[in-house]
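A.B. asks: One structure follows; several queries about it will come next.
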Amino acid sequence: MTTERTWLPSSSHWGAFRATTDADGTLHVAPHPADPAPSPLLDNLPDTVRHRTRVRRPAIRRGWLEGGPGPTDRRGTEEFVEVSWDTALDLVAEELDRTRREHGNEAIFGGSYGWSSAGRFHHAQSQLHRFHNTIGGYTSSRGNYSVGTSQVLLPHLVGSSGVLFAHADSWQTIREHTDLLVAFGGLPRKNLSIAPGGVTRHTSAAALRDLGTELVVISPLADDVPTGSRSAWWPVAPGTDVALQLGLAHTLLTSGLHDREFLERCCTGFEVFADYLLGKPDGTAKTAEWAAGICGVDAADVRALAERMAAGRTLITVSWSLQRTEHGEQPVWAGLALAAMLGQIGLPGGGFGHGYGSMADIGDDGPLLQPPTLPMGQNPVSTFIPVARIADLLLHPGRQYDYDGQRLTYPDVRLVHWAGGNPFHHHQDLNRLRRAFGRPDTVVVHETHWTATARHADVVLPATVPLEREDIGGGFRDSHLIAMHQVLEPYGEARDDHAILAGLARRLGTHREFTEGRSPREWLVHMYERWRGGLAAQGHDVPPFDEFWAAGELRLPRVSHPSPLAPFRADPQANPLRTPSGRIELFSAEIDSFGYPDCPGHPVWLPARQRRGGPLHLIANQPATRLHGQGDVGAVSRRAKVAGREPLRIHPRDAAERGISDGDVVRVSNHLGACLAGARVSEDVRPGVVVLATGAWFDPQPDPVRPGESLCAHGNPNVLTADVPASRLSQGCAGQHAHVEVERYDGPVPPVRTGEPPPLAER
Ligand SMILES: Nc1nc2c(c(=O)[nH]1)N[C@H]1C(S)=C(S)[C@@H](COP(=O)(O)OP(=O)(O)OC[C@H]3O[C@@H](n4cnc5c(=O)[nH]c(N)nc54)[C@H](O)[C@@H]3O)O[C@H]1N2
Ligand SMILES: Nc1nc2c(c(=O)[nH]1)N[C@H]1C(S)=C(S)[C@@H](COP(=O)(O)OP(=O)(O)OC[C@H]3O[C@@H](n4cnc5c(=O)[nH]c(N)nc54)[C@H](O)[C@@H]3O)O[C@H]1N2
Ligand SMILES: [Mo]
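Just so you know, UniProt numbering puts 625 at position 625 of the sequence shown, and the rest follows in order with no gaps.
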């Protein structure tokens with residue numbers, strides 16, 4: 001006998017879906033019926049939402065509970081004591097109040113970077129910011145880990161980053177107009193599961209299945225080549241794309257294939273760049289031969305590609321991964337300069353793209369609509385850090401540093417409050433981050449699961465997951481707005497972040513200001529109706545909230561959003577870019593005036609400084625089996641593990657040299673740290689390169705090989721990446737690359753402990 005199930009709508013960063021539960025509570029999920037290419041990551045959900053690593057009750061590190069706040073090296077090692085909500089909220093409210101009274105609100109770090117979950121109201125970071133704005137403000141963070149380098153660079157070059165991100169040509173336009181797509185960093189299918197806030201129809205993933213356009217895919221990893229496409233794979237040495245771009249540019253210049261008219265009319269500074277290509281300032285011409293020697297390709301191929309690029313409509317795209325490296329500004333700037341030389345910027349399907357293959361919403365043809373948003377208020381504190389400087393902030397109060405032409409000083413942070421992010425996933429050099437997390441008086445974390453960040457906190461407050469609450473889901477290019485219905489009861493004593501913060505606000509006298517007297521459902525109605533009013537003003541009628549909620553979704557109206565680059569190209573005088581010259585800046589007098597040796601005034605070849613650590617080049621890219629650390633305990637992520645550890649891809653030649661066979665446990669190490677991983681021997685990586693994706697939950701244990709040091713038993717690559725910025729200009733995350741040695745590990749293998757909660761005692 002079959003019983004009728006009620007499937008309820010919900011959404012996630014990896015897609016909209018429907019969910020239902022069995023009589024025994026087992027969760028079932030099914031993709032949205034309109035999704036042409038649903039994400040495999042949906043299958044992580046059933047195990048994750050009720051996993052034993054869910055935080056069940058508020059928990060306090062014993063040392064903090066008994067000894068009070070203060071710097072300590074015991075975070076991440078001590079047991080937790082479970083307490084009542086009232087006890088936890090009283091203690092946190094008192095500590096927030098003490099910190100702001102004794103040290104000022106600047107001493108509270110509330111940047112709280114991270115992806116949290118889909119859902120416009122219960123977005124943890126937005127809730128946290130709104131709360132802190134009511135109690136006097138906080139030191140914030142600026143930018144993100146995804147495109148932190150480009151976010152600072154692009155305004156100098158093209159006036160804003162939105163010019164490239166929000167207005168990227170759709171895959172449909174590419175299909176119709178582009179003869180050749182040259183993808184630096186590749187077009188990995190795996191990344192197209194994801195768009196922040198949700199993606200109901202995975203049109204980018206679907207488009208890649210049968211693009212038809214000729215592709216040249218430049219990447220050390222074969223996964224980055226879409227299957228079934230007409231593609232050539234150029235497995236260049238990692239970190240050398242700029243040399244290839246310069247070699248192509250030199251060929252265009254010396255063959256007279258560059259578009260002089262476009263460069264003169266729409267760009268500034270080409271002469272400076274051309275002199276550099278010809279080697280006038282440094283004596284090195286950036287010829288195809290020069291490039292070939294650095295990248296490990298044939299000079300004749302470089303010349304042929306340059307000619308091929310100039311012969312038709314060519315789109316050059318640079319993945320976001322390339323700017324998440326040391327000197328990450330350069331591949332973006334040199335890629336833009338190369339596209340400018342081809343003279344097709346502003347033409348459909350031509351010019352320069354940034355992030356095709358990085359995120360589902362780049363190239364998506366959905367409407368560009370700001371979904372409903374939670375107002376966050378104003379932060380009375382202006383102090384901020386570039387987001388990836390978190391460890392420096394905690395380790396070096398008072399120290400000065402450069403950022404985009406400014407000289408900034410790290411404030412003295414005493415309290416860290418994090419909700420919806422996992423710095424022990426996202427940050428580099430985790431051993432250093434552990435030391436940094438020892439410095440503040442107090443660390444408060446809201447988490448759904450016992451992540452490494454929760455384990456390094458003093459106070460852990462259990463948060464609900466989206467299926468345990470009501471919300472509105474939607475991304476910026478999403479075709480639908482999703483009514484996220486509640487499917488499950490909250491786990492244990494978990495509360496919504498909003499409820500947690502409302503409890504703190506009540507204790508600090510700002511409850512009315514924080515909640516505005518609305519229940520969560522009333523907030524959804526309020527946010528939706530305000531948004532609906534805005535749409536009506538633009539001539540788009542959408543139904544009232546009740547109808548939207550009952551229908552479970554809303555198909556969004558089509559809103560056209562022409563790129564500003566087409567009118568700019570047609571008449572740069574009348575439609576200038578928001579750069580100092582009004583044109584595309586191939587030489588930026590402003591950046592040049594900052595005098596940063598690691599980011600001069602035009603694109604240059606600068607090899608990475610961090611080459612120490614070992615003979616193999618490690619790529620720490622996004623995982624195919626989860627979103628960052630989210631869902632690492634889910635079925636898809638677990639299935640891919642090797643000997644219970646994160647898989648490390650290694651070329652057969654490198655494996656043979658080291659006596660490593662497929663399935664072996666290996667030890668990956670450098671001067672910064674070590675981890676264990678499971679070997680996957682594969683021709684898909686270039687020799688000399690190993691790939692270990694991010695997101696295995698950090699499991700620091702005593703290193704059996706280096707006494708006194710720690711090793712991650714699970715395979716988190718961020719124990720190996722250096723905590724250095726892309727440059728002094730952007731201070732962007734440079735976590736994509738590291739240099740390591742890999743050995744077969746024959747010692748006693750420590751168990752991976754991340755699948756269990758930490759030791760918990762009851763008060
Ligand atoms: N080496 C290296 N490192 C990298 C990168 C790289 O390429 N290489 N990439 C970087 C990039 S691009 C990014 S974006 C970052 C991602 O880094 P993060 O965004 O920090 O990673 P997530 O695992 O998504 O962390 C989100 C956390 O929020 C929790 N969460 C989910 N929903 C809720 C909720 O409703 N309430 C609360 N309180 N918590 C919730 C989840 O359990 C999870 O632990 O990583 C960066 N790190
Ligand atoms: N499945 C899944 N998809 C995701 C995410 C996830 O966690 N899981 N995260 C999302 C997020 S937050 C972001 S910001 C985007 C990030 O998007 P990206 O930063 O573009 O993604 P990555 O997978 O880190 O890197 C893409 C590819 O670049 C290649 N690469 C690395 N170094 C080099 C190099 O020096 N030269 C060349 N030519 N290629 C190189 C790697 O082989 C890698 O597969 O991904 C999003 N998509
Ligand atoms: Mo990201």
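Don't be surprised by glycine CBs; every beta carbon is placed ideally from N, CA and C.
Would DSSP call residue 760 helix, strand or coil?
C.D. replies: Residue 760 falls in the strand class under three-state DSSP.
A.B. asks: In three-state terms, what does DSSP make of residue 333?
C.D. replies: helix
A.B. asks: Rounded to a whole number of angstroms, what is the C-alpha to C-alpha distance between residue 588 and residue 601?
C.D. replies: 5 Å
A.B. asks: Would you report the Cα separation of residue 1 and residue 7, rounded to the nearest angstrom?
C.D. replies: Because residue 1 sits at a pLDDT of 44, beneath the cut-off of 50, its placement in the model cannot be relied upon, and the following sentence gives the value as read from the coordinates. If I take the Cα positions, the gap works out to 18 Å.
A.B. asks: Would residue 104 pass as an interface residue toward chain D - the criterion being a Cβ-Cβ separation below 8 Å?
C.D. replies: The structure shown contains no chain D; it holds only a single protein chain.
A.B. asks: DSSP has residue 80 in a bridge; who is on the other side?
C.D. replies: 61 and 760
A.B. asks: Using alpha carbons as the reference points, say which of 754, 584 and 555 lies closest to residue 714.
C.D. replies: Of the candidates 754, 584 and 555, the one whose C-alpha sits nearest the C-alpha of residue 714 is 754.
A.B. asks: Buried or exposed for residue 30, going by 16 or more other Cβ atoms inside 10 Å?
C.D. replies: exposed
A.B. asks: Report all residues from its chain with a CB closer than 8 Å to the CB of residue 748; omit the five preceding and five following residues, and keep chain order.
C.D. replies: Non-local C-beta neighbours of residue 748 in its own chain, meaning closer than 8 Å and more than five positions away in sequence, comprise 704, ordered along the chain.
A.B. asks: According to DSSP, is residue 107 helix, strand or coil?
C.D. replies: helix
A.B. asks: How is residue 468 classed by DSSP in three states: helix, strand or coil?
C.D. replies: helix
A.B. asks: Do the CB positions of residue 204 and residue 363 come within less than 8 Å of each other?
C.D. replies: yes
A.B. asks: Could you check what DSSP says for residue 523 in three-state terms: helix, strand or coil?
C.D. replies: helix
A.B. asks: Would residue 762 be called buried (16 or more neighbouring beta carbons within 10 Å of its own) or exposed?
C.D. replies: exposed
A.B. asks: Heavy atom of ligand 1 less than 7 Å from the Cβ of residue 717, yes or no?
C.D. replies: yes
A.B. asks: Any heavy atom of ligand 3 closer than 7 Å to the beta-carbon of residue 150?
C.D. replies: no
A.B. asks: What three-state label does DSSP hand residue 117 in the structure shown?
C.D. replies: DSSP, reduced to helix, strand and coil, places residue 117 outside both helices and strands of the structure shown, so it counts as coil.
A.B. asks: Please classify residue 288 as buried or exposed, where buried requires at least 16 other C-beta atoms within 10 Å of its C-beta.
C.D. replies: Residue environment: residue 288 is assigned as buried (16 or more neighbouring CB atoms within 10 Å of its CB, all protein chains considered).
A.B. asks: Just to check, is the beta-carbon of residue 145 closer than 7 Å to a non-hydrogen atom of ligand 3?
C.D. replies: yes
A.B. asks: Given that a residue counts as buried once 16 or more other Cβ atoms are within 10 Å of its Cβ, and exposed if not, what is residue 766?
C.D. replies: This structure leaves residue 766 out entirely; the chain is present only between 1 and 763.
A.B. asks: Below 7 Å, is the gap between the Cβ of residue 450 and the nearest heavy atom of ligand 1?
C.D. replies: no
A.B. asks: May I have the straight-line CA-CA distance separating residue 174 from residue 405, to the nearest angstrom?
C.D. replies: 37 Å
A.B. asks: Would you check whether ligand 1 has a heavy atom nearer than 7 Å to the C-beta of residue 428?
C.D. replies: Checking the Cβ of residue 428 against ligand 1 gives yes.
A.B. asks: Looking at C-alpha atoms only, which residue of 577, 329 and 530 is the closest neighbour of residue 599?
C.D. replies: 329
A.B. asks: Tell me the residue span of the beta strand (DSSP E) that contains residue 234.
C.D. replies: 231 to 234
A.B. asks: For residue 27, which option in 51, 15 and 13 has the closest C-alpha, if you only look at C-alpha atoms?
C.D. replies: Ranking the options by Cα distance to residue 27, first place goes to 51.
A.B. asks: If we count Cβ pairs, one from each stretch, closer than 8 Å, do we get three or more for the region 410 to 419 versus the region 726 to 739?
C.D. replies: no
A.B. asks: In or out: residue 283 buried (at least 16 other Cβ within 10 Å) or exposed?
C.D. replies: exposed
A.B. asks: Check residue 665 in the structure and name its three-state DSSP category.
C.D. replies: strand
A.B. asks: Here's the rule I'm using: 16 or more other beta-carbon atoms within 10 Å means buried, otherwise exposed. How should residue 16 be labelled?
C.D. replies: buried
A.B. asks: Out of 654, 351, 377 and 103, state which residue places its alpha-carbon closest to the alpha-carbon of residue 336.
C.D. replies: 351
A.B. asks: Is residue 568 helix, strand or coil by DSSP?
C.D. replies: helix
A.B. asks: Tell me whether residue 646 sits in a helix, a strand or coil according to DSSP, three-state version.
C.D. replies: coil
A.B. asks: Counting pairs of Cβ atoms below 8 Å between the region 632 to 639 and the region 46 to 60, do you hit three or more?
C.D. replies: yes
A.B. asks: Contact between the region 141 to 150 and the region 387 to 398: three or more CB pairs below 8 Å?
C.D. replies: yes
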